[in-house]
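Participant: Line order of the protein sequences matches chains A and B. Sequential numbering of the first sequence, starting at 36, is according to the numbering used here. Sequential numbering of the second sequence, starting at 15, is according to the numbering used here.
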Amino acid sequence: MKGPALRNAAAFGSGLVFSLGLGIAGMTRPSKVIGFLDLFGAWDPSLVLVMGGAVFVGLVSFALILRRASPVLVSRFVLPARHSLDARLFLGSALFGVGWGLAGVCPGPALVAAVTGSVPVLAFVAAMAAGLVAADRFAPGRDGDEETAAAPPPALAVTLPATVAPQPPPAVRETTCG
Amino acid sequence: MPVATVNFTPVPALAGGLLIGIAAAALLFLNGRLAGISGIVAGLFEPAGETSAEGRSVRGTFVAGLIAGGAVLLVAWPAAFEAIDPAPATVLRFALAGLIVGFGSRLGGGCTSGHGVCGLSRRSVRSLAATLTFMAAAIAVVLVRLHLPGWVR
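(1) Just to confirm the assignment, what range does the beta strand (DSSP E) spanning A:PHE112 have?
(2) Taking the continuous alpha helix (DSSP H) assigned at A:THR63, which residues delimit it?
(3) Note down, in chain order, every chain A residue with its Cβ under 8 Å from the Cβ of B:ALA82.
(4) Can you grab the Cα-Cα spacing for the pair B:VAL2 / A:PRO65, in whole Å?
(5) Which chain A residues sit within Cβ distance under 8 Å of B:VAL55?
(6) Once the 5 residues before and after B:SER119 are set aside, which same chain residues still bring their CB inside 6 Å of it?
(7) For A:LEU137, count the other beta carbons within 10 Å of its own beta carbon; 16 or more makes it buried, fewer makes it exposed. Which is it?
(8) Please name the residue in A:LEU130, A:ARG123, A:ALA162 and A:GLY50 whose C-alpha comes closest to that of A:ALA174.
(9) Using a Cβ cut-off of 7 Å, which residues of the region 94 to 114 of chain B contact any Cβ in chain A, in chain order?
(10) Quick one: does A:GLN202 have its CB under 8 Å from some CB of chain B?
(11) Cβ closer than 8 Å: which chain A residues qualify as neighbours of B:ALA40?
(12) What do you reckon, are the CB atoms on A:PHE125 and B:GLY35 nearer than 8 Å?
(13) Taking the runs of the beta strand (DSSP E) that are 3 residues or longer, which of them lie wholly in the region 102 to 174 of chain A?
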């Protein structure tokens, strides 16, 4: 690993650009999001382009990036370990969709729009934090992510027992997907 | 279906989407992590023993970047935000929505960013299933809220 300051600067920059993207795209306006979800009203297809643009860049770049042995600033990629389609995935996603449709706000835009000091948005953010913590407490069993040293031979880092904690830690429970 | 061309904003939508993709690619390329917001925020609340110090600080600075971006938008692109009626009923609806969004995204392992952007970019079948599920649920809720007769709402 090289330079915690550099890692933090990179994460900050990514968060900043992500935020600007959300704002410019209009995702930070609940009425815009509801306009997209309102298929049976005056449908606004803008979000198709938001997601399409983001996934287009992602499809091309992720394939190239994950071909690397490691990321630039740390030794391992941290990726979701679970691969099955289970009830947890469908129930959780359906609940998430219900909340998304109820307010037109999802986690990223909520944090960005919180700077406006809007009371409904702040209420959303506080309740969202409570919901995230509640899910960990009342519905545990979520698989952690796995750290892979390299994409082609991924076996080594994953099979190490989690009880020993050498440097760097092999199978730390990580939560990055979301 | 009637498409509201007055509301359709293809250029900023595409530009914003490209920026989101670039930011997610940068986080994966540099920090080896997926830009899933609900997971990143949830990780901040995990007990110190369950997560690495590196993970914790990187998640913290990513969220700080999100909020800093909000401050930049406030000055440079105020059209990103709209006034939301602070009536008690609206605050209650947003709080309920936030609670369900938090619980659901943690249970389902992701939200619009983790499944919708990063997961689809990784060609994850789980994320495709999750994205179709939350889209359908959200569209159904908006249909009920906006178009069904009052006694259903």
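C-beta: ideal position from N, C-alpha, C; glycine also.
Facilitator: Once the coordinates are examined:
(1) Taking the first sequence and counting its residues from 1, one reaches residue 112 of chain A at position 77. Its beta strand (DSSP E) spans residues 112 to 115.
(2) Taking the first residue of the first sequence as position 1, residue 63 of chain A is located at position 28. Counting along the chain, A:THR63 falls outside any alpha helix (DSSP H), and DSSP gives it neither H nor E.
(3) As a working note, residue 82 of chain B is residue 68 in the second sequence. One finds PHE47, GLY50, LEU51 and SER54 in chain A with Cβ atoms closer than 8 Å to the Cβ of B:ALA82, taken in chain order.
(4) No statement about residue 2 of chain B is possible, as the shown extent of chain B runs from 15 to 167 and does not include it.
(5) Along the second sequence, read from residue 1 onward, the residue named residue 55 of chain B stands at position 41. The answer, in chain order, is PRO142, LEU146, MET163, ALA164, LEU167 and GLY213.
(6) To locate residue 119 of chain B, count along the second sequence from 1; it is residue 105. For B:SER119, where only same-chain residues beyond five positions count, the Cβ hits under 6 Å are SER52 and CYS125.
(7) Taking the first residue of the first sequence as 1, we reach residue 137 of chain A at position 102. With 16 or more Cβ atoms within 10 Å of its Cβ, A:LEU137 is classed as buried.
(8) As a first step, residue 174 of chain A must be located in the first sequence, where it is residue number 139. Answer by Cα proximity: A:ARG123.
(9) When C-beta distances to chain A are compared with 7 Å, the residues of the region 94 to 114 of chain B below that value are ALA94, PHE95, GLU96, ILE98, PRO100, THR104, VAL105, ARG107, PHE108, ALA109, LEU110, ALA111, GLY112, LEU113 and ILE114, in chain order.
(10) Start at 1 with the first residue of the first sequence, and residue 202 of chain A comes out as number 167. Bear in mind that the predicted position of A:GLN202 carries a pLDDT of just 45, short of 50, making it unreliable; the figure below should be weighed with that in mind. It does not: the Cβ of A:GLN202 has no partner Cβ on chain B nearer than 8 Å.
(11) As a position in the second sequence, residue 40 of chain B is number 26, starting the count at 1. Ordered by position in chain A, the residues that pass the 8 Å Cβ test against B:ALA40 are ALA45, GLY48, SER49 and VAL52.
(12) Position 90 of the first sequence, counted from the first residue, corresponds to residue 125 of chain A. Position 21 of the second sequence, counted from the first residue, corresponds to residue 35 of chain B. Contact flag unset, no.
(13) Those beta strand (DSSP E) runs which fall completely within the region 102 to 174 of chain A and span 3+ residues are 112 to 115.
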